[in-house]
Amino acid sequence: MNKLIVANWKMNGDLAKINQDLSIYSQNSITNSPDVVLSLPNVFLSTAQSIIKNNNSQFKLSAQDVSQFSAFGAYTGEVNASMLNEVGVEYVIIGHSERRMYLGESGSVLLNKLENSLNSGLKPIFCIGEQLEIRQNNTYLQFLSEQLELLLQIKAPFNELVIAYEPIWSIGTGIVPKMEDITEVINLISAFVQTYLPHVKITALYGGSVSDKNAHDILNLNGVGGVLVGGASLNTDNFTTICSI
Ligand code: PGA
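Under the working numbering, think of the first position of the sequence shown as 104, with each following residue one higher.
Below, the structure is given as structure tokens:
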């Protein structure tokens, strides 16, 4: 099985970096693959798509967010799923803990984003993950199941989904869970989908301090379908090493 390797640039980069990094990725058969996904700030997606077209590149683009509103109209500052679709975006990250924390996104907002994306043909990368406190008081399996339950409310048809497990205490900290702890949650996700969404094929990603040093062990875990890489994806050498595993 090919693994899905998603770079999450977050609010980083500029035009020079987009030009440089995408041309590096285009020239290397390891990164020039449809299983490599670059999640860039919205403002650069159009330029990125032009670079991809010019180089006939195979890697895919993702947005880091999408509007909860689907219609065109008076929603200042918002970008809807069909706009992303039009500029060649294939994936969209939904439910990242940074948006849950800093933008207060949850429940119905995330559900709308999932619905709108699926209805526009974008592939959601739905993120779940617990805070340290929840991990330490041992209620994380319950907490993560409740985050997954949102998927049961989706009305749009779908038969594929990418779900990323990103423990909040691991994001940007350099702390990676024990391999058996990652496996435990990946198994929870698989069991949940098998039980409640048996027609859906899932790709389960791990995210949180993934680096060129630990990606090999993580990607070799049973059930892990790929990784979502933040900080390490900003360095083309590190990211290429991760993609080469
Ligand atoms: P990190 O971020 O790799 O820098 O920990 C991952 C993420 O937030 O998606």
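Glycine included, C-beta positions come from ideal geometry on N, C-alpha and C. It should be emphasised that the depicted structure is a prediction, and the values quoted were computed from it without experimental measurement.
Proximity test, residue i beta-carbon vs the ligand PGA heavy atom, cut-off 6 Å
i           : result
residue 275 : yes
residue 111 : yes
residue 312 : yes
residue 54  : Any property of residue 54 remains undetermined from this structure, which presents the chain solely from 104 to 348.
residue 265 : no
residue 332 : yes
Neighbourhood of residue i by C-beta, 7 Å cutoff - its chain only, sequence neighbours within 5 removed
i           : result
residue 238 : 270 and 272
residue 223 : 184, 185 and 188
residue 320 : 282
residue 178 : 170 and 172
residue 190 : 148, 149 and 152
residue 300 : 254
residue 242 : none
residue 200 : 230, 232, 269, 271 and 274
residue 318 : 330, 345 and 348
8 Å contact criterion, which residue i and residue j should meet: CB distance rounded
i           : j           : result
residue 169 : residue 214 : At roughly 12 Å, the Cβ-Cβ gap does not stay under 8 Å, so residue 169 and residue 214 are not in contact.
residue 139 : residue 166 : Contact doesn't hold; Cβ gap of about 16 Å is too wide.
residue 307 : residue 277 : At roughly 23 Å, the Cβ-Cβ gap does not stay under 8 Å, so residue 307 and residue 277 are not in contact.
residue 247 : residue 182 : Rounded, the Cβ-Cβ distance is 29 Å, inconsistent with contact.
residue 133 : residue 347 : 5 Å
residue 275 : residue 232 : Rounded, the Cβ-Cβ distance is 12 Å, inconsistent with contact.
residue 150 : residue 118 : 7 Å
residue 324 : residue 286 : 5 Å
residue 279 : residue 311 : 7 Å
residue 330 : residue 322 : 6 Å
residue 156 : residue 218 : Wrong, their Cβ atoms sit about 29 Å apart, outside the cutoff.
residue 437 : residue 142 : A query on residue 437 cannot be resolved here, the shown segment of the chain reaching from 104 to 348 and no further.
residue 388 : residue 144 : Because the chain here runs from 104 to 348, residue 388 falls outside it and cannot be looked at.
residue 129 : residue 105 : 19 Å between Cβ atoms; not a contact.
residue 70  : residue 343 : No information on residue 70 is available, as it lies outside the stretch 104 to 348 that the chain covers here.
Residues near residue i in its chain [Cβ-Cβ closer than 6 Å; skip 5 each side]
i           : result
residue 228 : 194, 196, 265 and 267
residue 292 : 266 and 307
residue 208 : 202
residue 127 : 339
Other residues of its chain near residue i: CB distance less than 8 Å, five sequence neighbours each side excluded
i           : result
residue 303 : 261, 262, 263, 264 and 296
residue 290 : 326
residue 137 : 161, 162 and 163
residue 245 : none
residue 221 : 227, 257, 259, 260 and 261
Ranges of the beta strand (DSSP E) found wholly within the segment 162-202, counting only runs of at least 3:
If we require 3 residues or more, the beta strand (DSSP E) runs fully inside the segment 162-202 come out as 163-166 and 194-197.
Alpha helix (DSSP H) runs wholly inside the segment 298-327, at least 4 long, in chain order:
Those alpha helix (DSSP H) runs which fall completely within the segment 298-327 and span 4+ residues are 318-322.
Quick one: complete beta strand (DSSP E) runs, 3+ long, within the segment 127-155?
139-142
Going residue by residue through the segment 250-294, where are the continuous beta strand (DSSP E) segments of at least 3 residues, counting only ones entirely within it?
As far as the segment 250-294 is concerned, its whole beta strand (DSSP E) runs of at least 3 residues are 263-268.
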